[in-house]
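Chemist: Take any residue in the sequence shown, count from 1 to its spot, add 242: that is its number in the working numbering. Where a beta carbon is used, it is the ideal one built from N, C-alpha and C, also for glycine.
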Amino acid sequence: MQAAPPFRLDPPVTTRRLNRRHGSAIFVLALMLIGGSYLLANAQWSTINFGYNQAVQFVDPDGHNQIYLNVSNSTGAVDFVLYPVTEAQFMGAYATLHDRNALPDTAGLTAINSWQVSYSGEGAYYGTSIKAALPSVPSGLYLLTAKEPNGEPAATLVVLSRQTLVVKTEPGGQVMVWASQLQSGAPISGMNITLHNAAGVPVGQSVTNADGVARLALADAELASLQNGLVVGQAGAQVTAVGFGWEWSSYIYYGYFGAPNRVHTVYLHTDRPIYRPGHTVNYAAILRRKNGHQYLTVDAATPVAATLRDARYNVVATQSLTPDQFGLVHGDFVLGDEPPLGTYRLELAVGSGDSAETFTQSFRVEEYRKPEYQVTVSATAPHAIAGDETTITVQADYFFGQPVANADVTLKVYRNTYRDNYYWWEWGYYDYYPSSYQEPVDELSGKTDANGQFNIPYMPISEAEYNTTYTFIATVTDALEQPIANSLSLPVYWNSSRLQMQTAKYGYRSTDSIVVDLAARGHDDVPVVNQQITVKMEQNYYNQDNQTIAQKQAVTDANGKAQVTFTNMPQGWYRMVATATDDRGRTVTTYRYLWIYDPVDGIWWYYSNDDLSISVDKESYAPGDTAQLLIQSRITDTVALVTLERDSVLQEIVVPLNGPVTTVDVAITADFAPNVFATVHLFKKMQQEENGPYWGRYGEAELIAARTELIVPATDQRLNVAITANATQYGAGDSAELTLQVTDSAGNPVAANISLALVDEAIFALAADNAGDIFQTFHGRRGNRVSTFGSPTLVDMYGPTEVADPKSPTGTPAPTSVAPRDSSGENGVDPRRIFLDTAYWNPTLVTDAAGRAVITVPLPDNLTTWRVIARAVTLDTKVGEATTSLLVTQDIIAQPNLPRYGVLGDRFGVGLVGQNFSGAAITGQAELTAENLLLLDAGAQTLDLPNGGSQAAHWTAVASQIGVGTVTSSLNTAAGGDLVELPLAVKPFAAPERVAASGAASPTASETFDMPFNAVHDA
């Protein structure tokens, strides 16, 4: 085999400029072996660059006054040329450098200065980092080129200024600018602020006020055009600038709650969380558009489309929808007879084109069988004390309100062992780390009594003086041999009591009196009287020194409360430790943390290494309160900007930082609800020694910031919804009258739209309600939608999302009532044949001006508990929800026991379980007939039914006819009877065979195939 020739570049590759994203002088070769030869994929060589994809450098003539760059050699010289540029030229060059990664064209530019810098470095493998001082030139915008002899040139833009800008943009088109001196931090008043889009065209102008703040209002299109745009500030001969590219984006995180940065808020829900094939999926959505800190109703012209995707993410159907006066849309999708099972997605696209926003709600499609009864597991109390005996109760009840008597019960017991992990929650309940698995402890068994209960005493223990959790898993099996399980997680505490320790706030001056409120209570919330409590103030707890600075004693009164006061505490960060001994001789401990500061003689005492932090003094506030913000800064003798922001900048405060600890009082207003973010900003000047390491951060200064959250619950936006029924229980097929009353938080009636559903409670035993909390959707804590830019900072960027394309027409609402009953049963007993999972659905029920609505709901034939769910919204987006229950039952019940389907020729058992809740023992006649079954032992059977008891009747059946037939189960007694009609499908004993053909049809086509002689025609 002939050897491959030595590697060479043919033709020779000349020196080329390195792609700026590599950030250093590296010779890059990508080689691919193809048939024994080498292919050169890429070869780039650069001798100089201005940093990691850096298109702009900010230089302060009174600061370092230096440009930073990388060179490939250990020694050499660099020639620099400096060109003044206009805003439009600056933006054009920025696009060339940043977006196209190319050199800007200097044709037409006039150099203001040129010079050469010689360097000598250590010759590191990745090259040498050097600094070059700028000559004395006026403040302004510049393009700087650099070139080594025999090398390719490089370029960067320069903002030469003594002033800095902080820019905040809001989704509504508002822009806030803060101008300050870099060296002193002092705000600059009277500075002309001009916003330029990416083409360099001015789109907005303003002038800063005495605090250095300017505000500008832009249209949405103008705000969008600012991407890669520029803000220029000019005060006399001084010019500064900041852009909207990633070089200037702040490191401030964008809030950690709520939805993405969207224009709309949508509450999308279905009538229930799970469906069977062939069922109808009903849905509704409340749509709102955000307008600053308010919600606006989405108008009818807003494009809205609903798309249903199956478990394989295929599009099943799409509907176009029109919002009504309440901003509500609704519709339904009918599932196929054999759809793929699994999780489905309902997508709602609001808006059109690139501006459309998509919201989703999932639900399940399964071939389920609803349970007949439910199981609950409880203990004597919601908790237990280690070593004390408790009683575990397993309760089994049919959904129609009667107990499951004489049923088999198994109870498995598991234990989690926890390791203490101290946190300072209010009542001294600490967080714990669970072990990796649940340890099995016991397995018990028994039967339910006449009340459907199984009771057993149990003594949980706790090892090593830790709290733990016991899990009790109960399985109940009834006469139909249907096992139903449920579980209980029981906290087991080592202590019999708990301590609470509170202060009015988290931060105090060193001259303040610190009043500490104490309380001792049992886990049942009963006060502990005459409890001795010791309170210590500890410093240096974070490095385990635990220095006790002060200590107080207290004894609780008749209400289990006590109080101690600390005075003249030195400044610092403290842990308050309260300890007591419970009635079992066990130590009880709780913690609280606070800071104490000296505003006159402040020192940096905070144990964190952060340069800047901000904290609040309370967990939550109400409008009218005053919040105290505590700013801790290693950078002093400067000025900081504090903003209160969320959807927009609500307030800005310029704060001098004369020491390491500064407090700011903020008046809480209604606009702050449900939460607002307090952000403090300042420019940290970088020291010379910080600029040395390669891959380090270079520059005059960086914008640093810290953030905290002020929680202001929007309690005035919550509606009270009351549901009242006209009876305590109903019979199958009865009509229920429901009265709904809606009031606001003050108790005043309001007009509202109500989405009302009646769903079989057994459904929620299969799948939990996944609609979400309507109040949290609209008035829960929200994220920060304000973007921050400063001179200069580097961060990453994020990308957009995509939405579905609306196509199909709107669906019609589901029926809001059931069909009339057919009273054609035997012995005067009405047959029960209408069985539904959703008895009623109406998403557009509107109350009157008194907040009242009355409806009549015909109930289907289910014997069950119906969960009534009402979700209300007003035009001004006050929201609320409520649930209640309707019980449908009767005294004599026949429960059919049938297979889901049969196969022709199969032989199997069928039957029914008779149940008696009449109040006395009775005898009844049970009978079963079927249209497509042959009963080998047909005829009535006699059942002896004790009160509250049951007995089963059994027959042997043969599937004799293909198709869907009706199976009638009946039970007749002197106290009444029951008649149930259910469909039963009999399938052929055959396998499906499919024939497929393909080809062009113009306009019609036909295909002939042979029918097998043994084909089942009725299949």
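The beta strand (DSSP E) that contains I1005, what's its start and end?
Modeler: First-last for I1005: I1005 to L1008, but that is the alpha helix (DSSP H), not the beta strand (DSSP E).
Chemist: Using the DSSP secondary-structure output, state which residues sit across from G1220 in a beta bridge.
Modeler: It is Asp, not Gly, that sits at residue 1220 in the sequence shown. L1213.
Chemist: Indicate the three-state DSSP secondary structure (helix, strand or coil) for H765 in the structure shown.
Modeler: coil
Chemist: Quick check: what's the CA-CA separation for K926 versus I895?
Modeler: Cα to Cα, the separation comes out at about 19 Å.
Chemist: Going by DSSP, name the residue or residues bridged to L590.
Modeler: Per DSSP, A548 and F601.
Chemist: Counting Cβ pairs, one atom from each stretch, are 3 or more of them under 8 Å apart for the stretch 866-886 and the stretch 912-924?
Modeler: yes
Chemist: Hey, quick one: how far does the alpha helix (DSSP H) through L465 stretch, first residue to last?
Modeler: That run of the alpha helix (DSSP H) goes D462 to A466.
Chemist: Can you say whether K689 is buried or exposed, counting buried as having 16 or more other CB atoms within 10 angstroms of its CB?
Modeler: exposed
Chemist: Put I1016 into one of helix, strand or coil per three-state DSSP.
Modeler: helix
Chemist: Which same chain residues end up closer than 7 Å to G318 when comparing Cβ atoms and leaving out the 5 residues on each side of it in sequence?
Modeler: Y361 and E390
Chemist: Please name the residue or residues paired with Y972 in a DSSP beta bridge.
Modeler: V1130
Chemist: Thinking C-alpha only, which one of H535, Q561, P326 and G584 is nearest Y555?
Modeler: G584
Chemist: Quick check on A1257: buried or exposed, where buried means 16 or more other Cβ atoms within 10 Å of its Cβ?
Modeler: exposed
Chemist: With C-beta atoms as the reference, is A388 less than 8 Å away from L339?
Modeler: no
Chemist: So, are the CB atoms of L407 and F332 less than 8 Å apart?
Modeler: no
Chemist: Check A647 in the structure and name its three-state DSSP category.
Modeler: coil
Chemist: Looking at the unbroken beta strand (DSSP E) that takes in Y748, where does it start and where does it end?
Modeler: Y748 -> no beta strand (DSSP E), and no H or E assigned at all.
Chemist: Distance, Cα to Cα, T962 vs A792?
Modeler: According to the sequence as given, residue 962 is Asn; it is not Thr. Roughly 48 Å between the two C-alpha positions.
Chemist: Count the other CB atoms, across all protein chains shown, that sit within 10 Å of the CB of F696; report buried if there are 16 or more and exposed otherwise.
Modeler: Under this definition F696 is a buried residue.
Chemist: Answer with yes or no whether the minimum CB distance from T1098 to chain B is below 8 Å.
Modeler: Although the question refers to chain B, the structure presented lacks it and comprises just one protein chain.
Chemist: If you check the beta carbons only, do T1125 and R1149 fall under 8 Å apart?
Modeler: No; because the gap between Cβ atoms is not below 8 Å, this pair is not in contact.
Chemist: DSSP three-state label for G432, please.
Modeler: coil
Chemist: For T560 versus T549, is the C-beta distance shorter than 8 Å?
Modeler: Less than 8 Å divides the Cβ of T560 from the Cβ of T549.
Chemist: At a cut of 8 Å, does the stretch 523-530 reach the stretch 617-628 through at least three beta carbon pairs?
Modeler: no
Chemist: How long is the line joining the alpha carbons of V1071 and L1213, rounded to whole angstroms?
Modeler: 10 Å
Chemist: Is the Cβ-Cβ distance between Q358 and V301 less than 8 Å?
Modeler: no
Chemist: If I follow the unbroken beta strand (DSSP E) through M779, where does it start and stop?
Modeler: First-last of the beta strand (DSSP E) with M779: Q774 to Q781.
Chemist: Going by Cα to Cα distance, which pick from A1243, F1251 and T1246 is closest to E1235?
Modeler: F1251
Chemist: Identify, in the order they occur along the chain, each residue of the same chain with its Cβ nearer than 8 Å to the Cβ of N451, setting aside the five sequence neighbours on each side.
Modeler: S431
Chemist: Report yes or no: do the stretch 704-724 and the stretch 1198-1215 share at least 3 C-beta pairs separated by less than 8 Å?
Modeler: no
Chemist: Going by DSSP, name the residue or residues bridged to M818.
Modeler: M779 and R834
Chemist: With DSSP as the reference, label H535 as helix, strand or coil.
Modeler: Shown here, H535 sits in coil according to DSSP, grouped into three states, outside any helix or strand.
Chemist: Taking a contact to mean a Cβ-Cβ separation below 8 Å, would you say L836 touches T911 in this structure?
Modeler: Contact: no.
Chemist: If you draw a straight line from the C-alpha of I354 to the C-alpha of S381, how long is it?
Modeler: 12 Å
Chemist: Within the chosen definition, does the stretch 993-1002 reach the stretch 1079-1086 through at least 3 CB pairs nearer than 8 Å?
Modeler: Contact holds: three or more Cβ-Cβ distances are below 8 Å.
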